[in-house]
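Engineer: A single structure is presented below for examination.
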């Protein structure tokens with residue numbers, strides 16, 4: 001299936017690397033604001049910048065080039081060569097982007113590591129990539145890496161952002177002439193490795209996905225071509241997803257390529273407080289962010305005794321959005337109702353996103369269809385896309401001009417998608433990676449004999465070319481009766497309830513489907529107070545009839561769309577939420593089924609022994 005009518009970039013013209021755009025921007029628009037660094041100002045990198053009235057710092061295209069150049073000279077002085085791997089262990093912040101582009105400017109390879117990674121994960125990534133250097137953010141990170149160095153013979157240098165090591169690195173680079181950076185930059189070709197991204201993985205050890213400058217450039221160029229309303233010089237975003245994730249990295253490169261403006265926010269818990277201040281024109285997030293935004297709006301309405309009003313506004317938004325896809329569109333009465341609820345409810349929701357945000361990009365997992373309709377009806381178009389780290393990462397996307405809620409859109413220009421006989425989605429194009437680092441067996445296994453990437457996802461393509469995901473190939477539940485069930489859509493439906501944080505279905509080899517459910521910690525505080533149990537824990541109340549009744553309502557709602565053999569027959573509330581620290585979820589909030597099954601084996605057994 002060919003993707004779109006827009007021609008993809010001619011990869012033959014990609015003669016230099018991704019950092020070249022930094023120098024182009026500085027030459028053509030030196031005063032354009034590329035980044036805003038939130039106050040209080042970090043001393044990890046000097047503030048030779050324009051201080052705004054609110055205390056934040058504006059970084060222009062010219063200043064960003066100067067910063068990249070200073071760090072690039074430092075890396076050269078430290079002996080980093082073309083093709084050397086340098087790890088980057090940090091939250092999302094300005095220095096992350098700065099180091100990334102400085103490494104690209106000299107032909108080195110960035111190896112991102114999630115700031116929440118365990119010691120074992122860090123050791124594996126540094127060892128497998130043979131990183132010669134590592135940039136870390138905090139003293140705790142530095143201490144962790146220091147404890148691993150005896151087993152890392154290739155690792156020569158560790159620079160800590162918060163201790164001012166980048167400033168010292170730039171000082172070291174003063175002995176290096178600018179021409180040396182120019183020479184190294186000119187030698188970077190499209191086929192050179194730009195980054196090795198280790199998949200957080202829901203199973204097994206992380207594998208290093210090798211992405212070239214051409215891979216990333218082609219993906220970004222295609223995205224910009226089909227989403228001009230999103231990425232342009234007047235656009236802005238607040239980036240709060242981890243830059244270690246390929247999805248956030250795509251936006252970073254897109255921002256630089258289009259001279260848009262980006263604010264880095266390292267703490268996801270602060271995002272809803274920051275959005276009204278920075279008023280982005282678009283945001284990107286994983287589905288859980290929108291699930292929580294909807295749940296919080298619903299909970300606030302309940303607290304203000306406006307629950308019925310919100311429920312009605314919710315229904316009207318969904319009806320209005322669905323009608324947009326029908327011949328003739330919404331009727332007069334529906335339009336009037338939507339206008340009324342816009343004044344009463346939807347404007348408040350948009351104000352929570354800053355007031356200017358009319359579009360959002362969602363990736364990492366499917367967004368529930370009803371939730372997509374709700375936000376579009378409320379005036380926020382949530383564009384779902386799909387891809388993998390192995391595909392740089394985007395393969396398909398819904399567009400403002402071509403959106404079908406419930407699907408992940410059509411292929412980007414230059415991307416081919418086809419469905420294998422067993423339902424697996426296969427991909428081909430310049431965005432597809434060349435293979436896994438140091439792992440030829442895994443590389444061979446992930447490609448078909450005719451060179452198509454096996455995504456591991458299941459889906460189908462409708463008559464208009466829109467791709468719909470139906471599940472993960474390895475996650476299909478096969479009950480004792482032989483029924484095949486894709487768990488993700490059912491789990492999404494259960495999670496739509498504001499009290500529920502996570503849901504995981506079980507049932508392979510069992511007589512029926514059942515669910516493990518966790519309670520959202522923030523919603524729990526409200527619920528227990530409203531029920532006269534202000535000090536109760538989930539662990540002590542998980543068998544409480546009222547609490548089980550709330551969860552049962554969510555399960556019943558999900559079951560209403562399923563056949564009898566697919567329905568969730570029973571569930572068990574777990575005493576604690578799934579956490580990244582316990583290895584039960586990835587940094588992008590995907591559940592790790594094998595880990596959860598191992599941790600909660602007794603709860604799973606109880607689901608079946610009691611029925």
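In full-length UniProt numbering, the protein residues as written are 1 to 611.
From the three backbone atoms N, C-alpha and C, an ideal C-beta is built for every residue, glycine too.
Remember, it's a predicted structure, so these values are computed and weren't measured experimentally.
Return the chain-ordered ranges of every alpha helix (DSSP H) run that is complete within the stretch 237-270 and spans a minimum of 4 residues.
Structural biologist: 246-258
Engineer: Quick one: what does DSSP say residue 37 is sitting in, helix, strand or coil?
Structural biologist: strand
Engineer: To the nearest angstrom, report how far apart residue 578 and residue 256 are at their CA atoms.
Structural biologist: 36 Å
Engineer: Using 10 angstroms around the beta-carbon of residue 254, count the other beta-carbons present and answer buried if the total reaches 16, otherwise exposed.
Structural biologist: Buried, since its Cβ has 16 or more Cβ neighbours within 10 Å.
Engineer: Hey, is the stretch 306-326 in contact with the stretch 365-379, meaning 3+ C-beta pairs nearer than 8 Å?
Structural biologist: yes
Engineer: Please report the residue range of the beta strand (DSSP E) in which residue 395 lies.
Structural biologist: Taken as a continuous stretch (DSSP letters only), the beta strand (DSSP E) holding residue 395 covers 394-397.
Engineer: Between the Cα of residue 374 and the Cα atoms of 439, 394, 341, 393, which residue gives the shortest distance?
Structural biologist: Here the closest residue by C-alpha is 341.
Engineer: How many angstroms separate the CA atom of residue 190 from the CA atom of residue 329?
Structural biologist: 46 Å
Engineer: Output the residue ranges of the beta strand (DSSP E) runs that lie fully inside the stretch 342-388 and measure 3 residues or longer, sorted by chain position.
Structural biologist: 359-362, 381-387
Engineer: Nearest to residue 32 by CA position, among 54, 64, 46, is which residue?
Structural biologist: Answer by Cα proximity: 64.
Engineer: Could you tell me the alpha carbon to alpha carbon distance between residue 497 and residue 92, rounded to whole angstroms?
Structural biologist: Cα-Cα distance, rounded: 30 Å.
Engineer: Where does residue 232 land, buried or exposed, given buried means 16+ other C-beta within 10 angstroms?
Structural biologist: exposed
Engineer: From the DSSP output, read off the bridge partner residues of residue 455.
Structural biologist: Answer by DSSP bridge pairing: none, since residue 455 is not bridged.
Engineer: Would you grab the beta carbon distance between residue 612 and residue 106 for me? Rounded to a whole angstrom, and I think it's under 8 Å.
Structural biologist: Past the boundaries of the shown model lies residue 612; the chain is included only from 1 to 611, so the question cannot be answered.
Engineer: Let me make sure I understand the geometry here. Which of 524, 535, 491 has the alpha-carbon closest to that of residue 593?
Structural biologist: 491
Engineer: By the 10 Å Cβ neighbour count, where 16 or more other Cβ atoms means buried, how is residue 422 classified, buried or exposed?
Structural biologist: exposed
Engineer: Determine the direct distance from the alpha carbon of residue 109 to that of residue 139, and round the result to whole angstroms.
Structural biologist: 24 Å
Engineer: Leaving out five residues on either side along the sequence, give the residues of the same chain with a beta carbon under 6 Å from the beta carbon of residue 459.
Structural biologist: 425, 467, 468, 469, 470
Engineer: Spatial neighbours of residue 85 within its chain, please: CB distance less than 7 Å, with the 5 preceding and 5 following residues excluded, ordered by chain position.
Structural biologist: 109, 111, 129, 130, 131, 132, 196
Engineer: Buried or exposed for residue 445, going by 16 or more other Cβ atoms inside 10 Å?
Structural biologist: A residue is called buried once 16 or more other Cβ atoms fall within 10 Å of its Cβ, and residue 445, having fewer, is exposed.
Engineer: Would you mind reading off the limits of the alpha helix (DSSP H) that contains residue 207?
Structural biologist: No alpha helix (DSSP H) holds residue 207; DSSP gives it neither H nor E.
Engineer: Under 8 Å: do the stretch 342-350 and the stretch 402-416 share three or more Cβ pairs, one atom per stretch?
Structural biologist: no
Engineer: Curious, which full-length alpha helix (DSSP H) runs of at least 4 residues does the stretch 119-168 contain?
Structural biologist: 119-129, 139-146
Engineer: Could you give the DSSP three-state label for residue 406: helix, strand or coil?
Structural biologist: In the three-state DSSP reduction, residue 406 falls in the coil class, being neither helix nor strand.
Engineer: Buried or exposed for residue 207, going by 16 or more other Cβ atoms inside 10 Å?
Structural biologist: Buried, because 16 or more other Cβ atoms sit within 10 Å of the Cβ of residue 207.
Engineer: Excluding the 5 residues preceding and the 5 following residue 608 in the sequence, name in chain order all residues of the same chain whose CB lies nearer than 8 Å to its CB.
Structural biologist: 510, 511, 514
Engineer: Indicate the three-state DSSP secondary structure (helix, strand or coil) for residue 327 in the structure shown.
Structural biologist: Reduced to three states, the DSSP call for residue 327 is coil.
Engineer: In chain order, what residues of the same chain have a beta carbon less than 6 Å from the beta carbon of residue 382, not counting five sequence neighbours either side?
Structural biologist: 360, 362, 372, 375
Engineer: DSSP on residue 234, reduced to helix/strand/coil?
Structural biologist: coil
Engineer: Going residue by residue through the stretch 277-317, where are the continuous beta strand (DSSP E) segments of at least 3 residues, counting only ones entirely within it?
Structural biologist: 282-285
Engineer: In whole angstroms, what is the alpha-carbon distance linking residue 156 and residue 75?
Structural biologist: 12 Å
Engineer: Grouping DSSP H, G and I as helix and E and B as strand, with all else coil, what is residue 613?
Structural biologist: It is not possible to answer for residue 613, since the shown part of the chain is limited to 1 through 611.
Engineer: Which residues does DSSP pair with residue 444 in a beta bridge?
Structural biologist: DSSP, once it has assigned bridges, lists no residue as partnering residue 444.
Engineer: Is it the case that the stretch 111-125 contacts the stretch 289-298, given that we only count it when at least three CB pairs across the two stretches are under 8 Å?
Structural biologist: no
Engineer: Would the beta-carbon of residue 122 fall within 8 Å of that of residue 89?
Structural biologist: yes
Engineer: Under a three-way DSSP split, which group does residue 569 fall into?
Structural biologist: In the structure shown, residue 569 falls within a strand segment according to DSSP collapsed to helix, strand and coil.
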